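> Residues 1 to 256 (UniProt numbering) are what the sequence shown spells out, left to right.
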Amino acid sequence: MTGVHASAQQGFSTQAVTYAQGRPNYPRQLTGWLTETLRIDAQSTVIDLGAGTGKFTRLLSTLAPTLIAVEPVAAMGAQLAKLLPGVRLVNGTAESIPLASASADALVCAQAFHWFSTQAALAEIHRVLKPGGRLGLVWNVRDESVGWVAAITEIITPYEGDTPRFHSGRWREAFTGKYFSDPEVTCFAYSHVGSPQEVVMDRFLSVSFIAALPAAEKASVTAQLRTLIDTHPDLRGRDTIAFPYQTQAYACHRLP
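#1: Got a sec, what are the start and stop residues for the alpha helix (DSSP H) residue 191 sits in?
#2: Report the residue ranges of all alpha helix (DSSP H) runs contained in full by the region 18-68; include only those spanning at least 4 residues, in chain order.
#3: Is it the case that the Cβ atoms of residue 34 and residue 67 are separated by a distance below 8 Å?
#4: In terms of alpha-carbon separation, which member of 119, 204, 60 and 196 lies closest to residue 231?
#5: For the region 88-151, which segments carrying the beta strand (DSSP E) assignment without a break, of at least 3 residues, lie completely within its bounds, in sequence order?
#6: Apart from the five residues on each side of it in sequence, which residues of its chain come closer than 8 Å, Cβ to Cβ, to residue 226?
#7: Less than 8 Å between the beta carbons of residue 138 and residue 249, yes or no?
#8: For residue 254, count the other beta carbons within 10 Å of its own beta carbon; 16 or more makes it buried, fewer makes it exposed. Which is it?
#9: What's the gap between the Cα of residue 97 and the Cα of residue 105?
#10: Kindly confirm or deny that the region 51-63 and the region 108-128 touch, where touching means at least three C-beta pairs closer than 8 Å.
#11: Are the beta-carbon atoms belonging to residue 221 and residue 156 less than 8 Å from one another?
#12: May I have the straight-line CA-CA distance separating residue 213 from residue 205, to the nearest angstrom?
#13: So the beta strand (DSSP E) residue 78 belongs to, where does it begin and stop?
#14: Would you kindly check if the distance between the Cβ of residue 159 and the Cβ of residue 209 is under 8 Å?
#15: Sort 36, 102, 162 and 73 by Cα distance to residue 45 and report the nearest one.
#16: Considering only their Cβ atoms, is the gap separating residue 36 from residue 50 smaller than 8 Å?
#17: DSSP state of residue 180, grouped into three classes?
#18: In this structure, what does DSSP give as the bridge partners for residue 248?
#19: For residue 203, which of 88, 149, 100 and 87 has the nearest alpha-carbon?
#20: Could you have a look at residue 207 and say whether DSSP puts it in helix, strand or coil?
Given below as structure tokens:
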């Protein structure tokens, strides 16, 4: 696949503001992983690929002053530019990164690699990284051992269709030993604390394939999520809830 999947282009364009409000940030321990495992420091040139609204870019910007955000969806990039006006932002896709060969020490994808997990993308990432460069893949994964979190998954899953998803595991198929070493995972517990509107409604109405739904179906999902918040014993009547995630961080080395 080249270009941008339709549900990403449509869903993320319509819900960029909601996405910026509703998506969780990242655990503090991830900073240590970025510096120790990906070896990112003040001298590193780093690419944030599929940077979205800049949630992860903001964390990277505290570590690497030479940071380039690559984002193909204009509405998402506009949010990033507002949040981080000092970060260089370029329009590009994983298969066509508008940067010179061997120009970066590390490239990181947060909540994004499942959209473009192809040989073509890995070949392009390999091209822009210097010899010995590192690729980092990060996802915040819902903790579905918690009952109400599993209930949310049941509400949204019928709508995902052919949308690429992290949980399918298909993103791993791109790693054939040709461009990069096999991904090695480190896990961190993380809670997204906020109002039910922020951590449930804004979060799940900004999911690409939900955001791209026709109005009637989106209204149905909205109603189901509101009912869950109003009736589940762990959620009802609460001003603040902690949404449990596991942050999974995968490191790969660029092969010669």
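Backbone N, C-alpha and C fix where the C-beta goes; we use that ideal spot for every residue, glycine too.
Predicted, not measured: the structure shown is a model, and the values here were computed from it.
Judging by the given coordinates:
#1: Here residue 191 refers to the residue found at position 191 of the sequence shown. That residue, residue 191, is in no alpha helix (DSSP H); its beta strand (DSSP E) goes 184-194.
#2: 29-36 and 55-61
#3: What you label residue 34 is simply residue 34 of the sequence shown in a count that begins at 1. What you label residue 67 is simply residue 67 of the sequence shown in a count that begins at 1. It is not a contact, given that the beta carbons lie outside the stated cut-off.
#4: For the purposes of this step, residue 231 is taken as residue 231 along the sequence shown, with counting starting at 1. Taking only the C-alpha atoms, the option nearest residue 231 is 196.
#5: 88-90, 104-110 and 129-142
#6: By one-based count along the sequence shown, residue 226 stands at place 226. Hits under 8 Å: 201.
#7: One-based indexing of the sequence shown puts residue 138 at position 138. One-based indexing of the sequence shown puts residue 249 at position 249. Taking 8 Å as the Cβ cut-off, residue 138 and residue 249 qualify as a contacting pair.
#8: Numbered from its first residue, the sequence shown carries residue 254 at position 254. Result: buried.
#9: As a first step, residue 97 must be located in the sequence shown, where it is residue number 97. As a first step, residue 105 must be located in the sequence shown, where it is residue number 105. About 15 Å.
#10: yes
#11: To locate residue 221, count along the sequence shown from 1; it is residue 221. To locate residue 156, count along the sequence shown from 1; it is residue 156. It is a contact, given that the beta carbons lie within the stated cut-off.
#12: Translated into the one-based positions of the sequence shown, residue 213 becomes position 213. Translated into the one-based positions of the sequence shown, residue 205 becomes position 205. About 10 Å.
#13: Here residue 78 corresponds to residue number 78 of the sequence shown, with the count starting at 1. Run containing residue 78: none in the beta strand (DSSP E); it sits in the alpha helix (DSSP H), 74-83.
#14: As a position in the sequence shown, residue 209 is number 209, starting the count at 1. As a position in the sequence shown, residue 159 is number 159, starting the count at 1. Yes, the pair counts as a contact, with Cβ atoms nearer than the cut-off.
#15: Start at 1 with the first residue of the sequence shown, and residue 45 comes out as number 45. Nearest C-alpha to residue 45: 102.
#16: In the sequence shown, counting from the first residue as 1, residue 50 sits at position 50. In the sequence shown, counting from the first residue as 1, residue 36 sits at position 36. Going by C-beta atoms, residue 50 is not nearer than 8 Å to residue 36.
#17: Within the sequence shown, numbered from 1, the residue matching residue 180 stands at position 180. Three-state DSSP puts residue 180 in a strand.
#18: Mapped onto the sequence shown, residue 248 falls at position 248. According to DSSP, which records beta bridges pairwise, residue 248 is partnered with 139 and 187.
#19: Your numbering for residue 203 matches position 203 in the sequence shown. Ranking the options by Cα distance to residue 203, first place goes to 149.
#20: Sequence index remark: in the sequence shown, residue 207 carries index 207 (1-based). Note: residue 207 maps to coil in three-state DSSP.
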